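In full-length UniProt numbering, the protein residues as written are 1 to 207.
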Amino acid sequence: MGLIHIAKDPVTGGWRWIYIVQDAITADISLIIPFVLIDFPGSSRNTFLTADEAALHIEPVTASRILEAALDPKTFIFAFMYMTGAMGSYVFALFLPLYPYFGVFLGEIGVSALLTSVLAWQANNIHGDARRSIYSAILIVFGGIGGIFATLIFRTQDAPKYVPGIIAIMSCCGTTFAFPTILMITLRWANRRADQGKSVIFVLNYT
């Protein structure tokens with residue numbers, strides 16, 4: 001917020017300096033990105049992956065890949081966790097003016113940690129660019145559904161306490177505690193079967 005005071009008139013011109021300073025930082029960082037960011041798996045500049053690892057990640061998006069993702073139970077476990085996290089995020093934003101200043105930080109820590117953890121966990125346990133793209137797209141769709149549900153569940157006739165809406169959101173978010181446990185047990189079971197030679201997890205033991 002200190003950036004708005006650079007302007008002669010913070011009320012009307014302060015926001016411009018927020019964009020100028022932050023965009024300038026972003027533009028400067030972008031100059032070094034080509035030299036430090038790992039290239040795509042198929043690029044000759046990519047020395048991070050071996051030839052076999054690169055081949056594993058290079059695969060086209062096909063109807064069979066989409067169907068595979070749609071029939072995979074892990075897809076909807078991840079998607080439901082992301083949806084409930086998004087519900088919390090949208091509700092948090094909806095009631096943001098009511099929170100004390102320190103409470104905003106506490107709430108944002110919880111909301112952001114859940115969403116980013118689900119995205120990272122999903123990406124680390126799905127192999128191949130095509131599969132990962134499909135699974136990520138499904139997560140984003142469910143996140144949007146969660147946002148619609150979270151904002152519409154708070155009806156005007158329930159004001160000012162919105163008890164039904166709060167109960168609904170807390171019930172959905174509460175189930176998020178169960179799904180990671182189920183998923184963790186499932187992934188460990190899959191790894192154990194792979195270690196025993198009873199199954200193959202997309203060539204690499206990576207879950």
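In this text, a Cβ means the ideal position worked out from N, Cα and C, and glycines have one as well. A quick note: this is a predicted structure, and the numbers were derived from the prediction, not measured.
Here's the rule: buried if 16 or more other CB atoms are within 10 angstroms of the residue's CB, otherwise exposed. What is residue i?
{"i": "Val21", "result": "exposed"}
{"i": "Ala178", "result": "exposed"}
{"i": "Thr75", "result": "buried"}
{"i": "Tyr101", "result": "exposed"}
{"i": "Ile96", "result": "Here residue 96 turns out to be Leu, not Ile, going by the sequence shown. Leu96 comes out exposed."}
Which same chain residues end up closer than 8 angstroms to residue i when comparing Cβ atoms and leaving out the 5 residues on each side of it in sequence?
{"i": "Leu94", "result": "Ala150, Thr151 and Phe154"}
{"i": "Ile18", "result": "Leu3 and Ile4"}
{"i": "Glu108", "result": "Phe92"}
{"i": "Gly144", "result": "Ala86"}
Between the options, which has its C-alpha nearest residue i's C-alpha?
{"i": "Asp52", "options": "His127, Gly143 and Ile25", "result": "His127"}
{"i": "Ser186", "options": "Ile33, Pro73 and Gly197", "result": "The sequence as given places Thr at residue 186; Ser does not occur at that position. Nearest of Ile33, Pro73 and Gly197 to Thr186, Cα basis: Pro73."}
{"i": "Leu115", "options": "Tyr99, Ala70, Cys173 and Leu49", "result": "Cys173"}
Could you pull the start and end residues of the alpha helix (DSSP H) that residue i belongs to?
{"i": "Lys74", "result": "Pro73 to Leu94"}
{"i": "Thr151", "result": "Asp129 to Leu152"}
{"i": "Pro34", "result": "Ile33 to Val36"}
{"i": "Asn191", "result": "Ala178 to Asp195"}
{"i": "Val118", "result": "Tyr101 to Asn124"}
{"i": "Ile166", "result": "Val163 to Gly174"}
Within the same chain, show all residues whose beta-carbon is closer than 6 angstroms to that of residue i, passing over the 5 residues directly before and after it, in chain order.
{"i": "Gly147", "result": "Ala86 and Tyr90"}
Could you name the residues of the same chain whose beta carbon sits closer than 7 angstroms to that of residue i, not counting the 5 residues immediately before and after it, in chain order?
{"i": "Pro164", "result": "Asp158"}
{"i": "Arg16", "result": "Ala7"}
{"i": "Ile58", "result": "Pro41, Gly42 and Asp129"}
{"i": "Thr207", "result": "Here Thr207 scores only 48 on pLDDT, less than 50, and its place in the model should not be relied on; the value that follows carries that caveat. Same-chain partners within the cutoff: Asn125, Leu187, Ala190, Asn191 and Ile201."}
- Task: Please determine if the segment 136-151 and the segment 33-43 are in contact, where contact requires at least 3 C-beta pairs separated by less than 8 angstroms.
- Result: no
- Query: Is the number of C-beta pairs between the segment 83-99 and the segment 165-173 that are closer than 8 angstroms three or more?
  - Reply: yes
- Between the segment 59-70 and the segment 116-136, do at least 3 Cβ pairs fall closer than 8 angstroms? yes
- Task: Pair every Cβ in the segment 118-129 with every Cβ in the segment 68-81, then say whether three or more of these pairs are closer than 8 angstroms.
- Result: yes
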